[in-house]
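The structure appears below as structure tokens.
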Amino acid sequence: MAGAQPGVHALQLKPVSVPESLRKGSKFMKWDDDSTAVTPVTLRVDPQGYFLYWIDQNKVSDAYTPSLIEKGGTKTSVDINKDAKLRELLDMGNMVGRIENKMLTVVSGPDMVNITYLNFMAFQEDVAKEWAEELFDLASNLLAQNMSRESCLEKVSLFLPPTCSIFRMFSADRKRVETALENCNLPSGRVGIRKYFTLELYKIFLSNICPRPEIDTIFSEIGAKSRPYLTVEQLTDFINNKQRDPRLNEILYPPLKTEQVELLIEKYEPNVRQISVEGFTRYLSGDENSVVPPEKLDQNEDMALPLSHYFINSSHNTYLSAGQLAGNSSVEMYRQVLLSGCRCVELDCWKGRATDEEPVITHGFTMTTEISFKEVIEAIAECAFKTSPYPVILSFENHVDSPKQQAKMAEYCRSIFGDALLTEPLEKYPLEPGMPLPSPQELMGKILIKNKKNSPKSPEDNTKKKLSDQACSTLTDSSGVLEPSPNPGMVPFFLIILEAESEDEEDDDDDGKKSSMDEGTAGSEAFATEEMSNLVNYIQPVKFHSFEASKKVGRSYQMSSFVETKGLEQLTKSPVEFVEYNKLQLSRIYPKGTRVDSSNYMPQVFWNAGCQLVALNFQTIDLPMQLNLGMYEYNGKSGYRLKPEFMRRPDKHFDPFTENTVDGIVANTLSVKIISGQFLSDKKVGTYVEIEMFGLPVDTRRKAFRTKTSQGNAVNPVWEEEAITFKKVVLPTLASLRIAVFEEGGKFIGHRIIPVSAIRPGYRYIGLRNEKNQALTLPALFVYVEVKDYVPDTFADVIEALSNPIRYVNLMEQRAKQLAALTLEEEEEVDCHLTTHYIKDANLTVRETAFERYPSISPNLPVEKGNANSVLLSALIVSCLLALL
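Count along the sequence shown from 1, then add 40; that gives the number in the numbering used here.
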């Protein structure tokens with residue numbers, strides 16, 4: 041984002057390091073949720089940290105990739121106290137320590153709902169603790185999640201399960217596999233192939249099964265010609281002119297020198313001062329050529345600014361695992377959402393049964409199930425700061441009309457969160473008009489409560505707001521089904537009412553108009569008791585009246601929520617004012633009530649206005665959620681992204697609908713050419729690629745480009761097509777490029793979402809991700825990217841002359857000859873000597889004009905020979921300045 045701190049970023053990301061104890065392995069007892077059978081195993085991680093696996097009776101199990109593990113913790117997914125048989129099997133009688141402290145649960149899955157649990161029990165508590173911590177570190181390592189193409193291929197080679205033959209891995213074309221094996225002098229039978237594979241032989245096999253003629257072409261074009269190598273000078277020129285980002289400051293990020301390139305050649309090629317096509321292929325696959333530089337993945341944005349200056353990863357109705365009207369509520373969703381990097385979760389709180397007086401979380405007036413409020417608070421405490429140290433916001437929607445149960449809620453928050461709960465404002469940031477919010481840095485490790493805050497009033501004014509009508513009182517205690525009326529004279533009926541957010545219901549309009557279906561009609565929140573009100577400080581929800589009224593009040597600690605339709609309405613009517621509002625105060629956007637399938641709106645629309653808490657349904661990994669995952673993958677996956685500077689500065693005003701360049705921001709020109717794909721599918725099927733961009737309305741281009749469909753080839757399709765160019769990306773710091781791959785029938789294979797400001801130019805591999813943004817090991821695209829500062833067509837020739845004056849002079853001479861030829865009579869010939877003088881005289885005219893205007897520049901510069909181009913360059917620079925003035 042635009043808020044990256046100036047200067048060269050010192051990378052804080054650490055490469056994967058597997059402790060010796062995990063490499064050697066530890067003894068565990070293993071069991072599955074659906075079985076009480078307990079098996080002794082040895083749990084191990086390979087030295088590179090690619091796989092978690094276990095050995096059962098000398099047989100290696102299936103392997104799990106740590107980067108796909110969502111949680112490694114000492115909490116088990118089943119209550120062993122309720123399963124007497126399981127506890128009896130685990131309790132050996134003479135074991136030291138509590139069973140609960142020896143548990144290790146590994147959670148993984150393709151999304152946040154369909155997850156799998158692996159349950160283990162260590163024989164010592166310290167062993168379980170070490171494994172839980174180390175596995176989580178491996179799973180959350182950002183460098184491992186963004187490994188190079190070379191590492192991906194190495195990963196596949198290191199652990200081919202015996203049950204999966206090489207034919208199953210590359211099942212798209214059996215004949216192709218057999219031919220590749222024969223070329224490697226390997227047996228082409230189906231049994232025992234794995235034992236022959238060394239890493240080097242495996243790479244040779246891959247080069248046979250997936251030949252890369254396009255790299256041979258590139259190698260030849262950049263200088264090899266008929267020779268089988270590139271010189272160090274040619275490779276230096278290629279790296280600095282093709283692979284280097286021209287947007288970088290040349291002082292802070294200088295081009296590579298010959299000595300540095302020599303070291304690169306030593307790394308990828310045994311030859312001295314020259315590189316073969318094989319070494320060149322390895323170089324393109326190496327760490328130096330990742331499509332996103334590591335410093336962009338790292339936490340590199342200034343975190344010391346007010347909270348309102350950040351986009352904050354936010355969830356809507358966090359507890360739901362399916363639709364909005366029916367299905368299960370889940371405590372585990374809070375763990376999954378927080379571990380994904382979310383920093384704002386929602387809790388819809390309702391009064392529990394009279395038998396135990398325990399508050400619950402559910403979606404009111406629907407058939408969704410209930411979960412324990414206390415268990416949710418415990419889950420949040422467990423996972424709040426595992427992924428990010430920055431503050432977590434709990435968005436309470438409090439419908440508990442029982443003072444006793446509200447007191448319990450407050451007590452659970454205080455006792456379970458402990459010192460992490462922020463109960464008093466910071467001394468430097470009192471709750472006063474005109475004061476900014478504290479920064480994420482100052483709120484590190486803190487949990488903030490968003491709930492109604494009672495303003496000081498007389499006791500008689502603090503009357504409870506009643507929650508409900510008869511429909512509410514007929515809600516059953518578990519399923520949420522509304523019972524028919526007991527009155528025999530009435531026709532039985534069932535009613536489902538969609539819920540609204542609290543802030544929009546807080547002060548109903550006097551005209552008594554019904555809320556729209558978008559906002560919902562669930563009724564007001566309950567009156568906040570003193571115990572709950574005392575927990576609220578910097579996130580105080582209020583009903584929104586107008587931007588002007590909010591500006592006059594100037595209370596940064598007051599915030600409002602907008603259903604997506606109301607948010608769009610405000611954005612359409614008052615775009616500049618919406619951005620101004622978000623400089624001081626927080627705004628929260630949430631899905632409209634008619635999204636009963638838990639679909640999502642496009643978050644980009646509200647990021648463009650600077651809205652911080654753009655809340656989405658995390659259980660639905662649709663395109664909007666995919667964009668959200670892509671957005672928050674960066675800045676160390678902290679859940680916070682600093683807004684562009686002009687969205688923060690009080691002296692700047694920004695219109696999200698602008699079509700012009702933004703003051704202080706250099707627009708970009710981006711060009712992407714899809715060259716080829718590798719191992720896109722294990723089926724013999726055609727594939728195609730789509731490219732689109734999301735950003736400001738002027739920058740957004742949905743389905744901007746689509747390749748042709750490859751003919752039955754998903755292993756190494758090559759697309760000989762023109763590049764797609766985004767001529768003018770007005771705001772690259774808020775624009776994202778999405779490249780997606782599909783089978784010929786439209787089935788999704790994988791995609792990648794990359795900020796325009798982060799993408800590297802040059803020849804790059806783009807490793808594909810699944811819907812949840814998890815890396816797919818083998819599928820990848822090979823692309824060529826050009827990115828540069830945008831130049832209006834008016835100055836395109838001038839910029840070309842500045843960057844390549846010799847070529848410009850030659851072009852001018854050529855044009856002069858062409859013009860002269862048009863004016864000649866039939867028998868006349870072109871006088872090249874006169875034409876050259878014409879060019880020189882024209883250039884001198886430009887120079888003299890510039891020198892008249894800027895007399896401090898000496899006009900007495902020699903024009904002959906080697907100095908001619910530098911004089912022309914100087915003249916062009918001055919003339920360009922004149923044109924701009």
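Using N, Cα and C, we set each Cβ at its ideal position, and we do this for glycine too.
Quick one: using the 10 Å Cβ neighbour count with 16 as the cut-off for buried, is residue 706 buried or exposed? exposed
Can you give the Cα-Cα distance for residue 348 and residue 720, rounded to whole angstroms? 42 Å
Rounded to the nearest angstrom, what separates residue 853 and residue 833 at their Cα positions? 22 Å
Status (buried if at least 16 other CB within 10 Å, exposed otherwise) for residue 300: exposed
Residues bridged to residue 807 (per DSSP): 820
Should the region 797-804 be called in touch with the region 680-695, which here means at least 3 C-beta pairs below 8 Å? no
Sequence ranges, beta strand (DSSP E) only - wholly within the region 314-402, length at least 3: 314-316, 350-355 and 384-390
By how many angstroms is the C-alpha of residue 262 removed from the C-alpha of residue 824? 14 Å
Is residue 294 buried or exposed, if buried means 16 or more other CB atoms sit within 10 Å of its CB? exposed
Three-state secondary structure (DSSP) at residue 244? helix
Own chain, CB closer than 6 Å to residue 410, minus 5 neighbours either side, in chain order: 400 and 402
DSSP three-state assignment for residue 407, whether helix, strand or coil: strand
What does the alpha-carbon distance come out to for the pair residue 457 and residue 355? 20 Å
For residue 476 and residue 469, the rounded distance between their alpha carbons: About 7 Å.
Candidates 471, 631 and 810, of which the one nearest residue 593 by Cα: 471
For residue 359, tell me which candidate among 587, 698, 638 and 245 has the shortest Cα-Cα distance. 638
Can you tell me the Cβ-Cβ gap for residue 494 and residue 568, rounded? I've got them flagged as a contact below 8 Å. Yes, residue 494 and residue 568 are in contact; Cβ-Cβ is about 6 Å, under 8 Å.
So residue 765 and residue 711 are in contact, right, with Cβ under 8 Å, and what is the actual spacing, rounded? Between residue 711 and residue 765 the Cβ distance is about 4 Å, and since that is below 8 Å, they are a contact.
Below 8 Å on the Cβ atoms is my guess for residue 680 versus residue 350; work out the distance and round it to an integer in Å. 5 Å
Please report the straight-line C-alpha distance between residue 634 and residue 367, rounded to a whole angstrom. 16 Å
Using the three-state DSSP reduction, which class does residue 778 fall into: helix, strand or coil? Reduced to three states, the DSSP call for residue 778 is strand.
For a minimum of 4 consecutive residues, which ranges assigned as the alpha helix (DSSP H) are wholly contained in the region 721-796? Here no run is fully enclosed.
Per the DSSP calculation, residue 580 is bridged to which residue(s)? 598
So, is residue 178 buried or exposed, given that buried needs 16 or more other C-beta atoms within 10 angstroms? buried
Check for me: the beta strand (DSSP E) holding residue 97 runs from which residue to which? Residue 97 -> no beta strand (DSSP E), and no H or E assigned at all.
When 768, 384 and 89 are compared against residue 185, the one with the closest alpha-carbon: 89
Which partner residues of residue 828 appear in the DSSP bridge assignment? 709
Got a sec, what are the start and stop residues for the beta strand (DSSP E) residue 157 sits in? 156-162
Is residue 732 near residue 744, with beta carbons less than 8 Å apart? With contacts defined by Cβ atoms closer than 8 Å, residue 732 and residue 744 form a contacting pair.
When DSSP labels each residue in this structure, what does residue 687 get in the three-state scheme? It is helical.
Taking the C-alpha atoms as reference points, what is the distance between residue 221 and residue 714? Rounded to whole angstroms, the gap between the alpha carbons of residue 221 and residue 714 is 29 Å.
Span separating the alpha-carbon of residue 305 from that of residue 265: Rounded to whole angstroms, residue 305 to residue 265 spans 19 Å at the Cα level.
Taking just the CA atoms, how far does residue 584 sit from residue 789? 43 Å
Determine the closest residue to residue 485 out of 437, 427 and 442, with distance taken between C-alpha atoms. 427
Given this structure, state the Cα-to-Cα distance separating residue 727 from residue 814, to the nearest angstrom. Put simply, the backbone Cα of residue 727 is about 21 Å away from that of residue 814.
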